[in-house]
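The block underneath contains the structure these notes are about, expressed in structure tokens.
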Amino acid sequence: MSEFYRDEWVWITGASSGIGKELVSQAYQQKAKVLLASRKTKDLEALAKELHLEKGRYAVEKLDLEDYKSTAGFAKRCLQKYGIPKVVIHNGGISQRSLTKETNLITLEKIMKTNFYGAAEMTRAMIPEILGKKDVHFAVISSVAGKIGSPLRSAYSASKFALVGFFHSLRSEEEKSGIFVTMVYPGFIQTNISKNALKGDGSSTGTMDSVIAAGLPVQLCAHRILHAVANKQREVVIAGIKEKFGLFLQTVYPSLFFKMIQNAKVR
């Protein structure tokens with residue numbers, strides 16, 4: 423796998439914590455040069471110090487995905503500074519824990535801007551700059567919630583479904599031109615995603631879901647993402663048996679799946 427990444431730029435959004443942080447560590451171990459992007463540049467610099475990243479093999483750039491109209495400028499600026507990357511991992515995002523009827527429009531907009539519009543606009547701005555120059559691989563972190571709508575996640579699921587539609591279309595349009603897309607569907611992964619998730623009024627929950635705490639290790643998730651990219655997989659589900667069984671039921675026995683999801687323990 424290291425031969426795929428060696429001396430190539432890998433851009434990672436949402437790099438300051440969770441899956442993004444682990445992707446930085448493992449991509450760097452695979453000899454990649456890593457661009458760390460998030461709103462929290464101080465945290466990114468601290469992470470670079472923690473991981474002993476060497477000068478010349480990493481860069482830190484501020485990126486606010488919620489301010490999605492600024493992501494085009496981010497993309498063009500980074501292309502000019504670092505050249506065309508081999509891999510772009512759209513990982514940045516925020517989750518939700520609130521009933522649809524209790525979720526206000528501001529919260530819905532924040533989640534859609536951060537999770538969908540930011541990645542879509544950043545990619546859209548890159549396309550004219552990279553076509554015909556170098557093959558670029560986009561790894562897009564959707565979610566099992568991008569395949570299954572479950573309670574308390576209506577806005578989150580909507581944003582993750584939107585990513586799937588956008589990048590599937592991009593793949594069908596431009597794969598022959600050198601743009602490759604890997605869609606990633608994590609299930610419950612041991613990160614702080616539920617602690618940082620938004621309630622209906624936009625405030626953070628501050629609590630850890632029991633299903634997240636019992637989920638797959640983040641190290642395994644990051645490894646499987648990088649492996650899927652290096653092996654040019656178009657889709658990869660990184661989830662436990664229960665989530666995978668749910669995906670199977672949804673396809674084969676939708677009525678039974680609906681009964682199951684109504685009674686599911688989502689926290």
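In this note's numbering, the protein residues as written are 423 to 689. Cβ coordinates follow ideal geometry from the N, Cα and C atoms, glycine included.
With distances taken from CA atoms, which of the options is nearest residue i?
| i | options | result |
| --- | --- | --- |
| Ala547 | Arg461, Cys500, His590 and Tyr607 | Cys500 |
| Ile441 | Ala577, Ile615, Ile570 and Lys455 | Ile615 |
| Met630 | Gly624, Glu597 and Gln612 | Gln612 |
| Tyr539 | Glu551, Lys582 and Ser517 | Lys582 |
Check residue i in the structure and name its three-state DSSP category.
| i | result |
| --- | --- |
| Val688 | Interpretation of Val688 is limited by its pLDDT of 49, a score under 50 that renders its predicted location unreliable; no figure is taken from the coordinates. |
| Ala561 | strand |
| His703 | Residue 703 is absent from the model: the chain starts at 423 and stops at 689. |
| Gln518 | strand |
| Tyr675 | coil |
| Ala481 | strand |
| Ser616 | coil |
| Pro368 | The structure shown has nothing for residue 368, since the chain only spans 423 to 689. |
| Lys666 | helix |
| Arg656 | coil |
| Thr629 | coil |
| Ser579 | helix |
| Ile552 | helix |
Please work out which residues of its chain come closer than 8 Å, Cβ to Cβ, to residue i, disregarding the five sequence neighbours upstream and downstream, and give them in chain order.
| i | result |
| --- | --- |
| Glu444 | Val640, Gln641, Cys643 and Ala644 |
| Ser599 | Leu553 and Gly554 |
| His590 | Val603 and Met605 |
| Thr658 | Here residue 658 turns out to be Val, not Thr, going by the sequence shown. Correct list, in chain order: Thr604, Met605, Val606, Tyr607, Arg646, Ile647 and Ala650. |
| Lys467 | With the sequence shown as reference, residue 467 is identified as Glu, and Lys is not the correct amino acid for it. The residues are Val482. |
Throw me the rounded Cβ distance for the residue i and residue j pair, which I believe falls under 8 Å.
| i | j | result |
| --- | --- | --- |
| Val606 | Val562 | 6 Å |
| Gly568 | Thr536 | Incorrect: roughly 15 Å between the Cβ atoms, too far for contact. |
| Gly662 | Leu638 | 6 Å |
Quick one: what's got a C-beta closer than 6 Å to residue i's C-beta in the same chain, skipping five residues either side?
| i | result |
| --- | --- |
| Ala541 | His512 |
| Asp486 | Arg461 |
| Phe560 | Val510 and Val603 |
In chain order, what residues of the same chain have a beta carbon less than 7 Å from the beta carbon of residue i, not counting five sequence neighbours either side?
| i | result |
| --- | --- |
| Gln452 | Met423, Ser424, Tyr427 and Leu648 |
Meets three-Cβ-pair contact criterion under 8 Å: the segment 507 to 522 and the segment 423 to 439: Yes: at least three Cβ pairs fall under 8 Å.
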